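Enquirer:
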Amino acid sequence: MTIPALPAPDPTRLDALDRAALHRTLIERAEAAYQLCRELHPALPRPAVWLDLRGKCAGQAHFGRRGLRFNPVLLEENRLAFLVEVVPHEMAHWLVHHLEDGHRSRPHGREWQTVMWRLFGLEPRATHRFDTGRASPAPYRYRCGCREHGFTARRHALVRRGRGYRCRHCAETLVYLGRSAS
Numbered sequence: 210m211t212i213p214a215l216p217a218p219d220p221t222r223l224d225a226l227d228r229a230a231l232h233r234t235l236i237e238r239a240e241a242a243y244q245l246c247r248e249l250h251p252a253l254p255r256p257a258v259w260l261d262l263r264g265k266c267a268g269q270a271h272f273g274r275r276g277l278r279f280n281p282v283l284l285e286e287n288r289l290a291f292l293v294e295v296v297p298h299e300m301a302h303w304l305v306h307h308l309e310d311g312h313r314s315r316p317h318g319r320e321w322q323t324v325m326w327r328l329f330g331l332e333p334r335a336t337h338r339f340d341t342g343r344a345s346p347a348p349y350r351y352r353c354g355c356r357e358h359g360f361t362a363r364r365h366a367l368v369r370r371g372r373g374y375r376c377r378h379c380a381e382t383l384v385y386l387g388r389s390a391s
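Residue numbers (my numbering): 210 to 391.
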């Protein structure tokens, strides 16, 4: 494996950062990754950076908004791994998209993998392995014949409007139990 092009931040220092300082650190890391990409593609536009992503996704290259979105909850809970893996992952998407014919590339295809390996020195992984429990709460509890299911507010609202759901394992219709204690 090659040496990562962006040096890993000091974990002790990261743990001591408050939320605002952590967000600034993420923006600085994105800028460092951007500068590295510009060595390869000098005309690469600078992406805006937002910490407004929710749910199970850690990051997203959003070409319509012309920037990168990150999940602040997952950043808070996985500081080092987030800065080392997620920021370069999304910047690799940004770079590949802006290369000639990059808009035709598969999201985690050969071009993206090459950028991850050769430019960032990281193993190209399509998904993260973070615990998404707090980032994607599902407080509405439903039951079938074999287990309990958690629904988000959006899915629960669909049920309230008449949509039905069945368990993928036992095929029974899910029945509302109430909200969880957390």
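The beta carbon of each residue, even a glycine, is placed where N, CA and C say it ideally should be. Every value quoted in this text rests on a predicted model; they were computed, and no experiment measured them.
Are the beta-carbon atoms belonging to Gly276 and Pro256 less than 8 Å from one another?
Expert: Result yes, Cβ atoms of Gly276 and Pro256 sit closer than 8 Å.
Enquirer: Looking only at C-alpha atoms, which of His317, Gly264, Trp259 and Pro281 sits nearest to Ala347?
Expert: Answer by Cα proximity: Gly264.
Enquirer: On a CA-only basis, which of Tyr351, Ala335, Leu308 and Asn287 is nearest Arg299? Give me that one, please.
Expert: In the sequence as presented, Arg is not what sits at residue 299; that position holds Glu. The residue with the shortest Cα to Cα distance from Glu299 is Ala335.
Enquirer: Where does the unbroken beta strand (DSSP E) through His358 begin, and where does it stop?
Expert: Its beta strand (DSSP E) spans residues Glu357 to Phe360.
Enquirer: Run through the DSSP bridge pairs and tell me what Arg352 is partnered with.
Expert: Glu357 and Val384, per the DSSP bridge assignment.
Enquirer: Please give the ranges of any alpha helix (DSSP H) in the stretch 217-281, keeping only runs that are unbroken, at least 4 residues long and fully inside the region.
Expert: List check, alpha helix (DSSP H) in window: 220-225 and 228-249.
Enquirer: Does DSSP put Arg375 in a helix, a strand or coil?
Expert: Looking at Arg375 - three-state DSSP - the assignment turns out to be strand.
Enquirer: Would you identify the three-state DSSP class for Gly311, choosing helix, strand or coil?
Expert: Of the three classes helix, strand and coil, the one that applies to Gly311 here is helix, per DSSP.
Enquirer: Any heavy atom of the ligand COA inside 7 Å of the beta-carbon of Leu383?
Expert: For the structure depicted, the ligand COA is absent and the ligand set is empty, with no information on it obtainable.
Enquirer: Which residue marks the beginning of the alpha helix (DSSP H) containing Arg319, and which one marks its end?
Expert: Its alpha helix (DSSP H) spans residues Arg319 to Thr323.
Enquirer: Could you tell me the alpha carbon to alpha carbon distance between Met210 and His378, rounded to whole angstroms?
Expert: The predicted model places Met210 with a pLDDT of 46, which falls under 50 and marks its position as unreliable; any figure quoted below should be read in that light. Going from the Cα of Met210 to the Cα of His378 covers about 40 Å.
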